[in-house]
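Following: one structure in structure tokens, then a few remarks.
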Amino acid sequence: MAGEERNIKLSIKDLKKVFNTRNGELIALNGINLDIYDNEFICVVGPSGCGKSTLLNIIAGLSKPSSGNVYCDGKEVHGTGTERGVVFQQYALFPWLTVQQNVEFGLRLQNKQKSEIKKIADYYIDMVELSHFRDHYPKELSGGMKQRVAIARAYANNPEVLLMDEPFGALDAQTRTQLQSELLDTWQKEQKTCFFITHDVEEAIILATKVIIMSARPGRIKEIVDVNIPYPRTQETRLTKEFLDIKNHVWSQVYKEYLEIRK
Ligand SMILES: Nc1ncnc2c1ncn2[C@@H]1O[C@H](COP(=O)(O)OP(=O)(O)O)[C@@H](O)[C@H]1O
Ligand SMILES: [Mg+2]
């Protein structure tokens, strides 16, 4: 994008995370440096245990780095903040609240009028196509629907950055594909920076502007792969040579790390 100013939305500097475990110190992350620009869609892939969730939790402010810093819009992150919305694999909805009440939850903590809260919640419930289910409780919804509620709730709070830790990991293949395309539509509409973790290489490439491949033990950034495939991306995109070439490359790099972690 020639001539266009791009702001750094998230900046990670010399991040290190050490856990004290029964077997001594475990270096989960080391030497992580990363700049993420406005409106990027970053996907992080890597074998199980390489530190993906640890990284996301530190960016979310749910966990403290052992050393190094995270900045959001130039301000250092200390703890959680409404500018960073989180969606986890396990839906984390409040079971005693309806769809409407779940989506309104964060809005009610802000100083907003009732009518405005309802308007915002209605908009995002419509966006995820759950208008007919607004008075249902989570236990009455399928996994895909619950994850739609979690996404609507995250967007309703109007964060600058959406942090998602394998949000579609528990869903069947068809529902997962459907939610991927809905998430891309929403991302294109809402222009928010996304930081999305997955162990599914195909999912990473269909979504991302950039894929970050993490190495194992200690977790580091091994490679950053630009996905220069135009949006909107469709089912056909998955069959193009461009897509398959990137997929083969990323997959083989992740597999090498997987073998490394098993040593
Ligand atoms: N609270 C914790 N205490 C001790 N070790 C942890 C803790 N959280 C994660 N780890 C360890 O840190 C490493 C990275 O974990 P994690 O970030 O969950 O990996 P990933 O999300 O990539 O599967 C793993 O070896 C894991 O066992
Ligand atoms: Mg994880």
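Take 1161 as the starting number for the sequence shown in the numbering used here and just add one per residue.
All C-beta atoms in this analysis are idealised placements derived from N, C-alpha and C, irrespective of residue type, glycine included.
Residue nearest to residue i in terms of C-alpha spacing, selected from the options
i	options	result
E1289	V1259, E1200, G1379, E1320	V1259
P1392	K1370, K1416, T1346	T1346
F1248	G1241, S1275, L1322, Q1348	L1322
R1377	F1265, Q1250, E1185	E1185
L1222	G1241, C1210, R1166, F1293	G1241
E1200	D1325, E1350, K1274	E1350
D1174	I1389, R1182, V1309, L1194	L1194
P1327	I1357, A1312, A1316	I1357
N1106	K1176, Q1273, S1275	No answer is possible for residue 1106: it lies beyond the span of the chain, which begins at 1161 and ends at 1423.
Q1334	G1303, I1187, T1369	G1303
A1312	S1291, R1336, D1332, D1325	S1291
Cβ shell of residue i (< 8 Å), same chain only, five flanking positions each side left out
i	result
E1320	K1169, C1232, D1233, E1243, R1244, K1352, T1353
I1421	P1207, S1208, G1209, C1210, A1376, R1377
V1139	In the structure as shown, the chain begins at 1161 and stops at 1423. Residue 1139 is therefore absent and cannot be evaluated.
D1239	According to the sequence shown, residue 1239 is Gly rather than Asp. Contacts found: G1221.
L1331	G1303, G1304, Q1307, L1339
beta-carbon residue i near ligand 1 non-hydrogen atom, thresh 6 Å
i	result
G1209	yes
K1349	no
T1397	no
A1188	yes
F1328	no
A1355	Inspection of the sequence shows that residue 1355 is occupied by Phe rather than by Ala. Not so, every heavy atom of ligand 1 lies at least 6 Å from the Cβ.
Residue i CB to nearest heavy atom of ligand 2 below 6 Å
i	result
K1212	yes
Contact belief for residue i with residue j at Cβ below 8 Å, rounded distance in angstroms
i	j	result
I1373	Q1413	5 Å
L1339	L1367	Their Cβ separation, rounded to whole angstroms, is 11 Å, which puts L1339 and L1367 out of contact at 8 Å.
V1148	V1263	Coverage of the chain is limited to positions 1161 through 1423, which leaves residue 1148 absent and any answer about it impossible.
I1192	I1172	6 Å
Residue i - DSSP class collapsed to helix/strand/coil
i	result
I1389	coil
N1318	coil
F1254	coil
N1408	helix
Residues near residue i in its chain [Cβ-Cβ closer than 7 Å; skip 5 each side]
i	result
E1383	I1373, Q1413
R1294	T1258, V1259, Q1260, I1285
Contact test: residue i Cβ vs ligand 3 heavy atom, cutoff 6 Å
i	result
F1179	This structure simply doesn't include ligand 3; it includes ligand 1 and ligand 2 instead.
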